[in-house]
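Please read the structure below before turning to the comments.
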Amino acid sequence: DSGVTQTPKHLITATGQRVTLRCSPRSGDLSVYWYQQSLDQGLQFLIQYYNGEERAKGNILERFSAQQFPDLHSELNLSSLELGDSALYFCASSVLSGRAAGELFFGEGSRLTVL
Amino acid sequence: GENVEQHPSTLSVQEGDSAVIKCTYSDSASNYFPWYKQELGKRPQLIIDIRSNVGEKKDQRIAVTLNKTAKHFSLHITETQPEDSAVYFCAASSGLKGGSQGNLIFGKGTKLSVKP
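Protein sequences appear in the order of chains A and B. Numbered per the working numbering, the first sequence spans residues 1 to 115. Numbered per the working numbering, the second sequence spans residues 1001 to 1116.
Following this line, the structure appears as structure tokens:
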């Protein structure tokens, strides 16, 4: 158990709909990251938050948005869903350690299926 | 931004043989290079990492080497076992300006199969 909790574990929805994925980081971790994993596509970085503020943005579509709340949990909102959005969405958290990057602890992921 | 290339995409070895996975990165400012293992249906987990001030690091049967000049790093697994079968991802992180830690950019992964 990594200490990172993601809900829901599985989600099936239709095209055009909107869903929200939730992540609770490990206790004490201030940074939260979202990754998308599609078949044969590896782990695509979407966005990073640190202590409530957006820190880095990757290949995140405009239909997607995220935020980190004062209690440090984060939500990833996916709207106007398309078939191609079907993927496993991982949240990860890490301890801030000065200027150095460090280990990411991944949640179990939320598997989204868009029909 | 950073781009990480990983090869091969699939690798099949006999139990007891060695396996080598190679990655290249594009951002010369990158300073942290972890390797993650993802078993089928599971989350990625860190197995070893190396920072840019070190050329090689070893942990039992696993070692990572880094060549900063060539901008490539490699994962070496010796005496492979069936339980080593998984997808392995390399990653690179350059760190962010202002003293914060950076996001990881991952390679596309290598599916390692160890045949008994």
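Virtual Cβ for every residue (Gly too), placed ideally from N, Cα, C.
Residues in the same chain with beta-carbon distance under 6 Å from residue i, minus the five sequence neighbours each way, listed in chain order, please.
i	result
Y1032(B)	R1051, S1093
S65(A)	N77
L1104(B)	A1091, S1093
Q48(A)	Y33, R55, A56
T7(A)	R22
S1012(B)	S1113
Q41(A)	none
R63(A)	S79, S80
Label residue i either buried or exposed according to how many other C-beta atoms from any shown protein chain fall within 10 Å of its C-beta, with 16 as the threshold for buried.
i	result
Q1081(B)	exposed
S1037(B)	Residue identity differs from the one stated: residue 1037(B) is Lys in this sequence, not Ser. K1037(B) is buried by the Cβ-count criterion.
L104(A)	buried
L1112(B)	buried
L72(A)	buried
T15(A)	exposed
T1110(B)	buried
S110(A)	buried
L39(A)	exposed
G98(A)	Confidence in G98(A) is poor, its pLDDT being 49 and thus under 50, which makes the residue's placement too unreliable to answer from.
Based on Cα-Cα distance, which residue from the options lies nearest to residue i?
i	options	result
V1048(B)	A1070(B), A1091(B), S1030(B)	The question names Val, yet the displayed sequence has Ile at residue 1048(B). Here the closest residue by C-alpha is A1091(B).
R55(A)	R63(A), E62(A), F45(A)	F45(A)
N1053(B)	E1015(B), L1046(B), N1067(B)	N1067(B)
C91(A)	G52(A), G84(A), L83(A), E75(A)	E75(A)
P25(A)	Q17(A), S2(A), Y89(A)	S2(A)
I1062(B)	L1040(B), Y1088(B), Y1025(B)	Y1088(B)
Y1025(B)	T1110(B), Q1014(B), E1005(B)	E1005(B)
S79(A)	V19(A), H10(A), Y50(A)	V19(A)
F69(A)	R22(A), T5(A), P8(A)	R22(A)
S27(A)	V95(A), Q67(A), Q6(A)	V95(A)
N51(A)	V4(A), G84(A), S31(A), L39(A)	S31(A)
G102(A)	L1046(B), K1042(B), D1017(B), K1058(B)	L1046(B)
L61(A)	G84(A), S110(A), A14(A), G109(A)	G84(A)
E53(A)	R63(A), Q41(A), Q67(A)	Q67(A)
G1106(B)	G107(A), K9(A), N59(A), L81(A)	What sits at residue 1106(B) in the sequence shown is Phe, not Gly. The shortest Cα separation from F1106(B) among G107(A), K9(A), N59(A), L81(A) belongs to N59(A).
Q1060(B)	L1040(B), I1077(B), A1070(B)	I1077(B)
F106(A)	T1069(B), G1041(B), Q1014(B), S1012(B)	G1041(B)
On the premise that residue j lies in contact with residue i, defined as a C-beta separation below 8 Å, what is that separation, rounded to the nearest angstrom?
i	j	result
K1108(B)	S1009(B)	7 Å
T1065(B)	E1056(B)	5 Å
P1044(B)	L43(A)	7 Å
Q36(A)	Y89(A)	6 Å
For residue i, which residues from the same chain have a beta carbon less than 7 Å from its beta carbon, with the 5 sequence-adjacent residues on both sides left out?
i	result
K1022(B)	H1007, H1072, S1074
I12(A)	T113, L115
S86(A)	L112, T113, V114
D29(A)	S93, S94, V95
G1016(B)	E1079, T1080
S1085(B)	L1112, S1113, V1114
E108(A)	Q6, K9
A1019(B)	L1011, V1013, I1077, T1080, L1112
E1039(B)	A1086
G1098(B)	Because the pLDDT of G1098(B) is 41, which lies under 50, any placement of that residue in the model is unreliable, and the number read from its coordinates should be weighed accordingly. Nothing listed; no residue qualifies.
E82(A)	T15, V114
Relative to the ligand ZN, is the shortest distance from any of its heavy atoms to the C-beta of residue i smaller than 8 Å?
i	result
Y35(A)	The ligand ZN is not among the ligands present in this structure, which contains no ligands whatsoever.
Can you list, in chain order, the residues of its chain whose CB lies under 8 Å from that of residue i, leaving out five sequence neighbours each side?
i	result
T1069(B)	none
Would you mind listing the beta strand (DSSP E) stretches within the segment 26-70 of chain A that are 3+ residues and don't spill past its ends, in chain order?
The segment 26-70 of chain A contains these whole beta strand (DSSP E) runs: 31-37, 43-50, 53-57, 64-68.
Quick check for students: name the residue ranges of the beta strand (DSSP E) that lie wholly in the segment 1005-1057 of chain B, counting only runs of 3 or more.
Listed in chain order, the complete beta strand (DSSP E) runs (minimum 3 residues) inside the segment 1005-1057 of chain B are 1010-1014, 1019-1025, 1032-1038, 1045-1051.
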